[in-house]
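Structure, as structure tokens:
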Amino acid sequence: PAQALDGLAPGDDTTQQTSSNVLPLTPGRWRFLYVPSVEIAPTPSGRHGGFNRAAEGAGMRWGDIEVPLSWELAGHGQPIYTNFMYPFDPHLSTPSHEWDTKPKLPPAHNAAGCYETDFSIPSAWEGKRVVLHFGGVESAFHCWLDGEFVGYSTDSRLPADFELTSLLRRLPIRSGRTTRTLSVCVYRFSAGSYLEDQDHWWLSGIHRHVHLFAKPATAAIVDYSLHSHIRWAPYAPSLTPLAVVAAKAIGGKDVGSLSPALPPS
Numbered sequence: 023p024a025q026a027l028d029g030l031a032p033g034d035d036t037t038q039q040t041s042s043n044v045l046p047l048t049p050g051r052w053r054f055l056y057v058p059s060v061e062i063a064p065t066p067s068g069r070h071g072g073f074n075r076a077a078e079g080a081g082m083r084w085g086d087i088e089v090p091l092s093w094e095l096a097g098h099g100q101p102i103y104t105n106f107m108y109p110f111d112p113h114l115s116t117p118s119h120e121w122d123t124k125p126k127l128p129p130a131h132n133a134a135g136c137y138e139t140d141f142s143i144p145s146a147w148e149g150k151r152v153v154l155h156f157g158g159v160e161s162a163f164h165c166w167l168d169g170e171f172v173g174y175s176t177d178s179r180l181p182a183d184f185e186l187t188s189l190l191r192r193l194p195i196r197s198g199r200t201t202r203t204l205s206v207c208v209y210r211f212s213a214g215s216y217l218e219d220q221d222h223w224w225l226s227g228i229h230r231h232v233h234l235f236a237k238p239a240t241a242a243i244v245d246y247s248l249h250s251h252i253r254w255a256p257y258a259p260s261l262t263p264l265a266v267v268a269a270k271a272i273g274g275k276d277v278g279s280l281s282p283a284l285p286p287s
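Numbering-wise (this note's numbering), the sequence shown opens with residue 23 and increments by one.
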């Protein structure tokens with residue numbers, strides 16, 4: 023399928039990983055609903071285990087879409103090109119006296135895309151941590167698991183990871199089902215749009231790959247820090263930086279540190 027214009031940038035998620043600890047959710051076709059305004063975008067619920075696709079509004083009908091793909095390239099809305107101008111008029115929703123301190127977005131001119139897909143967790147992942155990974159979504163999104171809220175992310179060009187472990191343990195699979203449901207609501211513009219504005223095409227949607235991955239429950243580094251020190255090196259007229267990386271595992275236990283070797287002084 024056609025990709026977003028930045029979809030082949032070096033270092034992004036243009037190809038999925040293959041591993042027993044990775045469950046790709048893309049490429050593939052997901053259920054999709056395009057709505058012209060975030061004000062009328064539906065919200066998933068635990069009652070329905072996701073979006074209530076039976077409650078379609080006037081002129082709104084669920085279909086499907088290839089993922090990853092910018093929804094404008096599937097015929098929903100229009101791509102916008104700007105140089106230094108915003109692709110929306112912020113004054114439509116922000117009084118002039120608040121423009122410098124409280125810029126907002128005009129909701130009636132901010133489209134949303136609702137995505138949904140189903141998956142099954144491999145039995146071999148029992149007892150492991152499970153993380154949901156989005157390679158890139160423009161420009162912001164909320165996501166839900168079986169209708170339960172998971173999280174929010176905004177940054178069109180950076181990945182977003184969400185820990186699903188506790189939700190998967192707490193939420194039983196719905197009666198009559200053998201799969202889980204991932205629901206995503208993507209917003210064309212967000213607060214991040216003020217920072218991302220530049221000379222480029224504005225596109226929307228899940229434009230990089232999505233997958234789940236499993237990690238060991240007790241042997242995963244979850245936090246690390248870098249402490250730098252400066253030592254004068256008499257063998258050279260310069261300063262030599264030393265870096266010490268300290269890592270912590272689950273529960274805050276120190277798992278060690280690493281310091282580069284120094285040349286003899």
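Built from N, CA and C at the ideal position, the CB exists for glycine as well.
Exposure label - residue i; buried when at least 16 CB within 10 Å
i, result
"S41", "exposed"
"A236", "buried"
"R151", "buried"
"S145", "exposed"
"L248", "exposed"
"Y209", "buried"
"F106", "exposed"
"P259", "Per-residue confidence for P259 stands at a pLDDT of 49, beneath the threshold of 50, marking its modelled position as unreliable; the derived number appears in the next sentence. P259 comes out exposed."
"L167", "buried"
"S1", "Residue 1 lies beyond the range of the chain shown here (23 to 287); nothing can be said about it."
Neighbourhood of residue i by C-beta distance below 7 Å, restricted to the same chain and skipping five residues each side
i, result
"M82", "L55 and V57"
"P32", "With a pLDDT of only 33 at P32, under 50, the local geometry of the prediction cannot be trusted, and no value is derived from it."
"C14", "Nothing can be reported for residue 14: it is not among the residues displayed for the chain, which extend from 23 to 287."
"S289", "There is no way to answer for residue 289, as the model of the chain reaches only from 23 to 287."
"G173", "C165 and F184"
"W52", "D86, I87, V89, Y137, E138 and T139"
"A239", "G149, K150 and R151"
Start-to-end residues for the beta strand (DSSP E) that takes in residue i
i, result
"L45", "V44 to P46"
"Y137", "A134 to F141"
"Y103", "I102 to T104"
"S178", "Unbroken run through S178: none, as it is neither H nor E."
"E88", "G85 to V89"
"Y209", "R202 to Y209"
"L234", "V232 to K237"
Spatial neighbours of residue i in its chain, beta-carbon cut-off 6 Å, leaving aside the 5 residues before and after
i, result
"G68", "G169 and E170"
"H98", "Y56"
"P285", "Low per-residue confidence applies at P285: pLDDT is 49, beneath 50, and the placement is therefore not dependable enough to give any value."
"N43", "F235 and A236"
"R75", "W84"
"W147", "A236"
Cβ-Cβ separation, residue j to residue i (assumed contact under 8 Å), whole Å
i, j, result
"R196", "F141", "Actually they do not touch by this definition, with Cβ atoms about 14 Å apart."
"L190", "I143", "7 Å"
"G72", "S205", "4 Å"
"P181", "G157", "5 Å"
"H233", "L47", "6 Å"
"D219", "Y108", "6 Å"
Residue range of the unbroken alpha helix (DSSP H) whose run includes residue i
i, result
"R151", "Where R151 is concerned, there is no enclosing alpha helix (DSSP H), although the beta strand (DSSP E) it sits in stretches over R151 to F156."
"R15", "In this structure the chain extends from 23 to 287, so residue 15 is not present and cannot be described."
"L190", "T187 to R192"
"L95", "Looking at the DSSP string, L95 is not in any alpha helix (DSSP H), and its letter there is neither H nor E."
"L167", "From DSSP, L167 is part of no alpha helix (DSSP H) but of the beta strand (DSSP E) over A162 to L167."
8 Å CB neighbourhood of residue i in its chain, flanking five on each side removed
i, result
"G214", "S161, A162, T176, D177 and S178"
"L186", "V152, V153, L154, L167, V172 and L234"
"T200", "S142"
"E61", "P129 and A130"
is_contact[residue i, chain C] using C-beta, thresh 9 Å
i, result
"T176", "Of the protein chains in the structure, only one exists, and it is not chain C."
Decide if the segment 89-101 is in contact with the segment 123-141; the criterion is three or more beta carbon pairs, one per stretch, under 8 Å apart. yes
Tell me whether the segment 98-106 and the segment 224-231 touch, counting them as touching only if at least three CB pairs, one residue from each stretch, are closer than 8 Å. yes
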